[in-house]
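Participant: Going by full-length UniProt numbering, 212 is the number at position 212 of the sequence shown; the sequence numbering is gapless. Heads up, the beta-carbon is just placed ideally off N, CA and C, and yes, glycines get one too. Attaching a single structure in structure tokens format; questions to follow.
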Amino acid sequence: MNTNQTRKTPLDLEEILKKKKAADAAASKLRFIPKKERERQAAEKAKQEEEERKRKAEEDAKKKAELERKWAAGANGTAANGTQNGAGGRIPTGPKAMHSTENGRGPVGRGRDKQEQRKALTKDGKEKKSAEAIEADLLRNRYLGPEVNKQSNFSVKKKRKRATEFKFEWDAEEDTTLDDPIYESNSTTLKSYTFGSLSGEYNEEAEEIARRRARMIEERDREFGKQRAKEFMEDFYRAREKAKERADRSGLGKHWTKKALSEMRERDWRIFKEDFGIATKGGQIPNPMRSWEESGLPRQLLNIVDRVGYKDPSPIQRAAIPIALQARDLIGVAVTGSGKTAAFLLPLLTYIQDLPPLTEINKNDGAYALILAPTRELVQQIETEAHKFADPLGFNVVSIVGGHSMEEQVQALSHGAEIIVATPGRLVDCIERRLLVLSQCCYVIMDEADRMIDLGFEESVNKILDALPVSNEKPDTDDAENAQMMQKYLGARDRYRQTMMYTATMPPTVEKIARKYLRRPAIVTIGNAGEAVETVEQRVEFVSGEDKKKKRLQEILGAGDFAPPIIVFVNIKRNCDAVARDVQRMGYSAVTLHGSKTQEQREAALASVRNGQTQVLVATDLAGRGIDVPDVSLVINFNMATSIESYTHRIGRTGRAGKSGVAITFLEQSDSDLFYDLKQMLSKSSISRVPEELRRHEAAQQKPQRGGGGGHSKRAGVADEASGKGGQWGA
């Protein structure tokens, strides 16, 4: 035998460490094991455990048999070597009390010990205790209390469950419902299928859950399960009907859309206002109207509304019309394109219906109602809308704006007009020239009041309102909130003057006019003042340079994703014609709208867009406020507006009357003063997204601190530019 082969080589420590590191790395590395492999390993492990269990059982059986054989040999007095042992040949086992037990078979020892143990058992199988043991147990129980559990079963989870579950006075073993499958689930599950929800809406899943439980009852109880399942379903239907009756009696079981007006409660009105974003402020304000039929308007007007095609009232109409019908002064704050025109026209017509008709005697005292608007286009738009409702009632509507011949307007007034729609500048001119008087004016509406102030019409508005008669002015007391008091006639035909103001924002100058001329007004706010409507998707792109903007404009128009009409906004009027020419070179028809256009040119441009002859309107901020071009699908801000308010009104040209629209804005670094406000507006819109470049821009992180000249000079410059030759606002 070779000694070199049998000689053991010394252990190499480095090799051992290397193997250990390799094993640790392999053990720490995650390894994917397929499902079949995992199942095979689990089966092998179970098989090995079963074999090990059998092996141990066999060893225990052999040891037990060997011990029993030895005990039997010892009991017969026979030693293992076949010799007689008079003493039994047993190994001393020690005191009897110290004998150990195995598997509950009693102490290990002689057969006599087994017989003695069997004698010590009572008839019921329990071991008899000696007097000393009984006395020791009594002493232990007296001082230490009874030994309930020898092993602690404390569990935080069980303790928490005991704290949350109600414990009855009887033991759990006495509960007769444990074997009933109906009560196997907790009470919260039962509630889910007995009745739907607190609002009274029927839960469609409830009956299906109940039927599954009935099938389970029937399957578990073959003998009486069918009858029990039938009774269970009858109980379910009975409980559901009772719950519905209770909900109907309490008024909580129906949504407000399913209730009659008399069934509406304060909670229902609160939900109604939340649904439409209506917020009101002031005393004794009536509830909004849910439909035109509940508006309180005369039947003749309701028929006209139906004929015009107004299906459902808008939020501002729901809230403002009931207030205006009570002769209350009103401030309406609503986003552009929300239906404000009809909101003030319908109560106005209801008001003047009760006044004496104009005759040759009283027509020279002036109109009954006066509507002020900041621009000629908005005036003409209101006039067009007013004719829809006023002409069938026999009322005359006349507009007074710059750009038209004064003689024509005076001639129209000479025939008598119940309603005058005017711009402040031209109306002041007529009053100063004594071409008209307002001696019997008792209804005043200021539309786009904030825009009028921005354009410098504050002095003109004050002159007009000061020219109104003081005899029908409301008292500045609580009586101004009393509908019955305000609807009374002051004389044979006079009534308290009613003043309303509609605006998209509430700057301090507008609040000043409201405090001076309105008496205890009700304030209605729809949504959040100054925010864009939720139907407009706002998109922002960083595009620098005129050439890149024109190229991007061509890409948007050429994609064909938006149907005409489309409005493109620029900041200065000389860019209007340039951009319009570029649009025409791209193959699209385009017209312009800016301050240098005459009134006839403006009207012709708007008419061509409205009737579909022109696809694209290129305009300055002149068209950004109050102009209603139907079905505008896209607004492009070729230049970002000079203020966030102007931006809001620009994009408000689309998404009107409940329709959806898109507004795309080209941004440059020079617009950084507006980045913060723009980011906030985009963040508040649920359908718009803030681009990462704007979100991370330094100027968008905090609101800029503007001095006294920056922002104001911008607005003034735009206004001066727009009101240049030809006069934008035209007094």
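Between the Cα of residue 776 and the Cα atoms of Arg290, Arg212, Ile285, which residue gives the shortest distance?
Facilitator: The chain is shown from 1 up to 731; residue 776 falls before or after that span and cannot be answered.
Participant: So, using beta-carbon positions, are Asp447 and Ile382 closer together than 9 Å?
Facilitator: Yes; because the gap between Cβ atoms is below 9 Å, this pair is in contact.
Participant: By the 10 Å Cβ neighbour count, where 16 or more other Cβ atoms means buried, how is Ser683 classified, buried or exposed?
Facilitator: Exposed: under 16 other Cβ atoms inside 10 Å.
Participant: Let's test the definition: count the other Cβ atoms within 10 Å of the Cβ of Glu432 and tell me whether it reaches 16, buried, or not, exposed.
Facilitator: Exposed, since its Cβ has fewer than 16 Cβ neighbours within 10 Å.
Participant: The alpha helix (DSSP H) with Ile321 in it runs from where to where?
Facilitator: That run of the alpha helix (DSSP H) goes 315-324.
Participant: Check Val308 in the structure and name its three-state DSSP category.
Facilitator: Val308 falls in the helix class under three-state DSSP.
Participant: Taking Cβ positions, are Val629 and Arg653 nearer each other than 9 Å?
Facilitator: Yes, the pair counts as a contact, with Cβ atoms nearer than the cut-off.
Participant: For residue 799, collect the residues of the same chain with a Cβ closer than 8 Å to its Cβ; drop the 5 residues on either side in sequence, then sort them by chain order.
Facilitator: It is not possible to answer for residue 799, since the shown part of the chain is limited to 1 through 731.
Participant: Would you mind listing the alpha helix (DSSP H) stretches within the segment 482-570 that are 4+ residues and don't spill past its ends, in chain order?
Facilitator: Listed in chain order, they are 483-486, 508-517, 546-558.
Participant: Would you report the Cα separation of Glu555 and Leu346, rounded to the nearest angstrom?
Facilitator: Glu555 and Leu346: Cα-Cα distance of roughly 44 Å.
Participant: Compare the Cα-Cα distances from Asp610 to each of Glu458, Ile567, Gly416, Lys281 and report the closest residue.
Facilitator: In the sequence on display, residue 610 carries Arg and not Asp. The candidate whose alpha carbon is nearest that of Arg610 is Ile567.
Participant: What whole-angstrom Cβ distance do Gln498 and Cys430 have, given they're in contact under 8 Å?
Facilitator: About 23 Å; that fails the 8 Å criterion.
Participant: Given this structure, state the Cα-to-Cα distance separating Asp673 from Val616, to the nearest angstrom.
Facilitator: Computed Cα separation, rounded: 29 Å.
Participant: Please classify residue 751: does DSSP put it in a helix, a strand, or coil?
Facilitator: Here the chain covers residues 1 to 731 and nothing more, so residue 751 does not appear.
Participant: Nearest CA to the CA of Ser471: which residue from Glu132, Tyr496, Lys45?
Facilitator: Of the listed residues, the one whose Cα sits closest to Ser471 is Tyr496.
Participant: How is Ile664 classed by DSSP in three states: helix, strand or coil?
Facilitator: Note: Ile664 maps to strand in three-state DSSP.
Participant: On the DSSP bridge assignment, give the partners of Val616 in chain order.
Facilitator: DSSP, once it has assigned bridges, lists Ile566, Ala590 as partnering Val616.
Participant: Measure how close the beta-carbons of Asp329 and Pro469 come, nearest whole angstrom, since I'm counting them as under 8 Å.
Facilitator: Contact flag wrong, Cβ pair sits at about 16 Å.
Participant: With 16 other CB atoms within 10 Å as the buried threshold, where does Ile33 fall?
Facilitator: Exposed: under 16 other Cβ atoms inside 10 Å.
Participant: Pick helix, strand or coil for Pro686, following the three-state DSSP scheme.
Facilitator: The residue asked about is misnamed: residue 686 is Ser in this sequence, not Pro. Coil, per DSSP.
Participant: Work out the CA separation of Ile419 and Pro298 for me, nearest whole Å.
Facilitator: Their Cα atoms are separated by approximately 19 Å.
Participant: Count the other CB atoms, across all protein chains shown, that sit within 10 Å of the CB of Gly558; report buried if there are 16 or more and exposed otherwise.
Facilitator: Exposed: under 16 other Cβ atoms inside 10 Å.
Participant: From the DSSP secondary-structure annotation, give me the bridge partner or partners of Val397.
Facilitator: According to DSSP, which records beta bridges pairwise, Val397 is partnered with Ile419.
Participant: Does DSSP classify Val635 as helix, strand or coil?
Facilitator: If DSSP states are grouped into helix, strand and coil, Val635 belongs with the strands.
Participant: Looking only at DSSP bridge pairs, what is Leu372 linked to?
Facilitator: Note: Leu372 sits in a beta bridge opposite Ala422, Met446.
Participant: By DSSP, does Lys281 sit in helix, in strand, or in coil?
Facilitator: Three-state DSSP puts Lys281 in a strand.
Participant: Indicate whether Ile651 and Gly277 have their beta-carbon atoms separated by less than 9 Å.
Facilitator: For Ile651 and Gly277, no; Cβs fall outside 9 Å.
Participant: Counting along the chain, where does the alpha helix (DSSP H) carrying Val333 start and finish?
Facilitator: No alpha helix (DSSP H) holds Val333; the beta strand (DSSP E) holding it covers 330-333.
Participant: Given this structure, state the Cα-to-Cα distance separating residue 735 from Ala260, to the nearest angstrom.
Facilitator: Residue 735 is absent from the model: the chain starts at 1 and stops at 731.
Participant: What's the gap between the Cα of Arg213 and the Cα of Glu207?
Facilitator: Cα-Cα distance, rounded: 10 Å.
Participant: In angstroms with no decimal places, state the Cα-to-Cα distance between Gly425 and Met501.
Facilitator: Going from the Cα of Gly425 to the Cα of Met501 covers about 18 Å.
Participant: Which two residues bound the contiguous alpha helix (DSSP H) that contains His649?
Facilitator: Start and end: 644-651.
Participant: Ends of the alpha helix (DSSP H) at Glu473?
Facilitator: Note, Glu473: premise wrong, no alpha helix (DSSP H); not H, not E.
Participant: Pair every Cβ in the segment 348-368 with every Cβ in the segment 381-401, then say whether three or more of these pairs are closer than 8 Å.
Facilitator: Verdict: yes, contact present.
Participant: Taking the alpha helix (DSSP H) that Thr341 falls in, what are its first and last residues?
Facilitator: It spans 340-353 - the alpha helix (DSSP H) in which Thr341 sits, taken as one unbroken run.
Participant: Report yes if the CB atom of Gly339 is closer than 9 Å to the CB atom of Thr535, and no otherwise.
Facilitator: No, these two residues do not count as a Cβ contact at 9 Å.
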